[in-house]
Amino acid sequence: AQKVTQAQTEISVVEKEDVTLDCVYETRDTTYYLFWYKQPPSGELVFLIRRNSFDEQNEISGRYSWNFQKSTSSFNFTITASQVVDSAVYFCALSEAGYALNFGKGTSLLVTP
Amino acid sequence: DAGVIQSPRHEVTEMGQEVTLRCKPISGHDYLFWYRQTMMRGLELLIYFNNNVPIDDSGMPEDRFSAKMPNASFSTLKIQPSEPRDSAVYFCASSFAGMRNTIYFGEGSWLTVV
């Protein structure tokens, strides 16, 4: 069963628009961790954020913000005032007690000038 | 600080040949992970180690794949014999104390089997 669902396969926006990438997860564990990674065209996986299941505070880092809601099992990612350099594939991932990451299929974001 | 280092970055090999991918984790990290990325299957965990001991290898596709971690600073993923369907990007990643801390990925090894 898919543990992490990123329903948006591709998103295209014009520069300076805000964009939200959705992530819905599934777990029976009470302790778990959620992650977002960015994969730019060059191919590396860049860590963006880690959140544990006991911390539902939203987080903002510059133009990036994350909304964690346990009630809906969602961990959404918003980019404010998007830029061309934000074009990448973004992965949401879940880790349960087994320590390994289960990745979603990714959302490909294209930001055009 | 040096990140996770993988080699080779790119490899093209012929079907039937042995392929060895190498990984040097971040110093001090006690967990090491091997992932494979393909268009069809996305990012899949192949195997992970804790303190050089394999913990879960259920993701290793078949007996043609093997992974070792002889010491805390080196791991290999070997495919023998290689097949065209093994073509993928193979990522190595490491972390300290598992999920309680961030998992850092290497730049990946891009394997093409022709």
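These protein sequence lines are chains A and B, in that order.
Everything in the first sequence is counted per my numbering, starting at 7 for the first residue and increasing by one.
Everything in the second sequence is counted per my numbering, starting at 61 for the first residue and increasing by one.
Beta carbons: idealized from backbone N, C-alpha and C, even for Gly.
Treat the numbers as computed from the prediction; the structure is a model and nothing was measured.
For chain E, is any of its Cβ atoms less than 8 Å away from the one on residue i?
i, result
"B:Ile163", "No chain E appears in the structure shown, which is made up of the protein chains A and B."
Between which two residues does the beta strand (DSSP E) containing residue i stretch?
i, result
"B:Asn110", "Gly102 to Asn110"
"A:Arg57", "Val52 to Asn58"
"A:Tyr70", "Tyr70 to Gln75"
"B:Lys84", "Val79 to Lys84"
"A:Leu45", "Note on residue identity: the sequence assigns Gln, not Leu, to residue 45 of chain A. Per DSSP, A:Gln45 belongs to the beta strand (DSSP E) from Tyr39 to Gln45."
"A:Ser18", "Glu16 to Val20"
"B:Glu74", "No beta strand (DSSP E) contains B:Glu74, which DSSP labels as neither H nor E."
"A:Cys98", "Ala94 to Ser101"
"B:Val124", "According to the sequence shown, residue 124 of chain B is Arg rather than Val. B:Arg124 -> no beta strand (DSSP E), and no H or E assigned at all."
Tell me which residues share the same chain as residue i and place their Cβ nearer than 8 Å to its Cβ, disregarding the 5 neighbours each side in the sequence.
i, result
"A:Phe60", "Thr37"
Using a C-beta to C-beta distance shorter than 9 Å, which residues of chain B count as neighbours of residue i?
i, result
"A:Lys22", "Correct list: empty, because the minimum Cβ distance to chain B is about 30 Å."
"A:Leu27", "Here the premise fails: no neighbours, minimum Cβ distance about 16 Å."
"A:Gln112", "Contrary to the premise, residue 112 of chain A reads as Gly rather than Gln in this sequence. The answer, in chain order, is Gly102 and Leu103."
Considering only residues of the same chain and omitting the five flanking positions on each side of residue i, which have a CB-CB separation below 7 Å?
i, result
"B:Arg124", "Ile139, Gln140 and Pro141"
"A:Arg69", "Ile85, Thr86 and Ala87"
"B:Ser147", "Leu171, Thr172 and Val173"
Along chain A, which residues have their Cβ under 8 Å away from the Cβ of residue i?
i, result
"B:Phe151", "Leu51"
Should residue i be flagged as near chain B, meaning a C-beta pair shorter than 8 Å?
i, result
"A:Arg56", "yes"
"A:Phe74", "no"
"A:Phe97", "yes"
Run through chain A and tell me which residues come within less than 9 Å of residue i, C-beta to C-beta.
i, result
"B:Gly88", "Result: empty, since nearest Cβ-Cβ is about 17 Å, beyond 9 Å."
"B:Glu167", "Ser48, Gly49, Glu50 and Leu51"
Against residue i, what residues of chain B qualify as contacts under a CB-to-CB distance less than 7 Å, listed in chain order?
i, result
"A:Lys9", "Under the 7 Å cutoff, chain B gives no residues; its nearest Cβ is about 12 Å from A:Lys9."
"A:Phe109", "Gly102 and Leu103"
Does the ligand SAH have a heavy atom nearer than 7 Å to the CB of residue i?
i, result
"B:Gln66", "Summarising the ligand content, the structure contains no ligands, and the ligand SAH is consequently not present."
If the cut is a Cβ gap below 7 Å, which residues of chain A does residue i touch?
i, result
"B:Leu93", "Residue 93 of chain B is actually Phe in this sequence, not Leu. Here the neighbours are Ala106."
Looking only at its own chain, which residues have a Cβ that is under 6 Å from the Cβ of residue i, when we skip the five neighbours before and after it?
i, result
"A:Val20", "Thr118"
Looking only at DSSP bridge pairs, what is residue i linked to?
i, result
"B:Cys152", "B:Trp94"
"A:Asn82", "A:Asn73"
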